[in-house]
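So the structure is just underneath, and the comments pick up after that.
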Amino acid sequence: MAEGTNNIVKEVRRSAGGTVVALSGDVDLHHAPDLHAMLVQVAGERPSRFILDLNDVPYIDSSGVGTLVEVFRRVSAYKGKMVLFGLNDRVRSVFEITKLDRFFNICATEDEASAF
Amino acid sequence: MKADYPVILNIVSSPKSLPIVRGAVDQMAIQEGLSKKDAHGLVLSIDEALANVIKHGYEGRQDQPVTITLAPVSAPDGRKGISVVVRDQGKQVDPESICGRDLDDVRPGGLGVHIIRAMMDDAEYSCPPEGGMMLRMVKYASSDSAGE
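Taken in order, these protein sequences are the chains called A and B. Residue 126 in the numbering used here sits at position 87 of the first sequence; the count goes up by one each step and never skips. Residue 49 in the numbering used here sits at position 44 of the second sequence; the count goes up by one each step and never skips.
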């Protein structure tokens, strides 16, 4: 198995309400290319709600945030909704510093994200 | 009394080096008594600086040298802090041209410098005559920080 490949994506769950992608680990420059490839693949299925579970993401940097911005644009282009939930304080602070918290839909729980 | 000590990390310009640096910086921040919030700001800023070196200074080459020097310092008002020097041998750019972009322009990329300037108390780029770039930064304990 290639080292590190796709380990950043822990699980992909599809339902009528949308697709939940659960991430695991640091979302940084090292993992951003693999993450981008995986998320673009899921976006290609055009789920009505593209939900990202960040409960198991302890750290994110601007490479990771940039990856999510790029995927958000793809989802918005087909009129889908992209929703994030489960952000810890450190991860949330990166969205706040970059003022992307006003751009992304951020919820506390999966239930809230599913109903967004 | 705590002795002054520098920590010098020599790495190659691989993204795989970044989690190791983050761990070392976080440990030093804790040891120096920074709050978790301040430690995260320091870790994130150094991480962003290194990512910029890899992406821009070395244009993605992953075998080039980078040195990170960390040292405990004190602010004039007595607050503890950590100074950082990131030194590379990559492409030189005019320090005046290194600035964060307009955050109203929502797009990937260009956020690292904005994060560094937001998180650190000081950050200054220079072009040493020996080549490469140097980034000097300092992070002091926030006066309102209380453990978190």
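Even glycine gets a Cβ: it sits at the ideal position worked out from N, Cα and C.
Self-check item: Continuous beta strand (DSSP E) stretch holding residue 137(B): start and end
Solution: Annotation: residue 137(B) is outside any beta strand (DSSP E) and is labelled neither H nor E by DSSP.
Exercise. Please state whether DSSP places residue 61(A) in a helix, a strand or coil.
Key: In this structure, residue 61(A) counts as strand in the three-state DSSP scheme.
Practice problem: Kindly list the residues whose CB is nearer than 8 Å to the CB of residue 85(A), restricted to its own chain and excluding five residues on each side of it in sequence; keep chain order. | Solution: 117, 119
Self-check item: Segment limits, beta strand (DSSP E) that includes residue 32(A)
Solution: Only positions 40 to 155 of chain A appear in the structure, and residue 32(A) is not among them; the question remains open.
Self-check item: For residue 87(A), the three-state DSSP class (helix, strand or coil)
Solution: coil
Quiz item: Rounded to whole angstroms, how far is the Cβ of residue 17(B) from the Cβ of residue 30(B), which I believe are closer than 8 Å?
Solution: In fact, because the Cβ distance is near 17 Å, the residues do not count as touching under 8 Å.
Practice problem: Let me know the secondary structure DSSP gives residue 70(B) once reduced to three states. | Solution: strand
Quiz item: In the DSSP assignment, what residue or residues form a beta bridge with residue 81(A)?
Solution: Paired residue(s): none; residue 81(A) is not in a bridge.
Quiz item: Does any C-beta atom of chain A lie closer than 9 Å to the C-beta of residue 95(B)?
Solution: no
Practice problem: Please list, in chain order, all residues of the same chain as residue 54(B) whose beta carbon is under 7 Å from its beta carbon, the five residues on each side excluded. | Solution: 91, 121, 140
Quiz prompt | Partners in chain B for residue 136(A), counting only beta-carbon separations shorter than 8 Å | solution = 119, 120, 123, 124
Exercise. Apply the 10 Å Cβ neighbour rule to residue 10(B) and answer buried if 16 or more other Cβ atoms are within range, or exposed otherwise.
Key: exposed
Self-check item: Contact residues within the region 34–45 of chain B, judged by C-beta distance below 9 Å to chain A
Solution: 41, 42, 45
Quiz item: To the nearest whole angstrom, what separates the beta carbons of residue 57(A) and residue 88(A), a pair I think is in contact under 8 Å?
Solution: 3 Å
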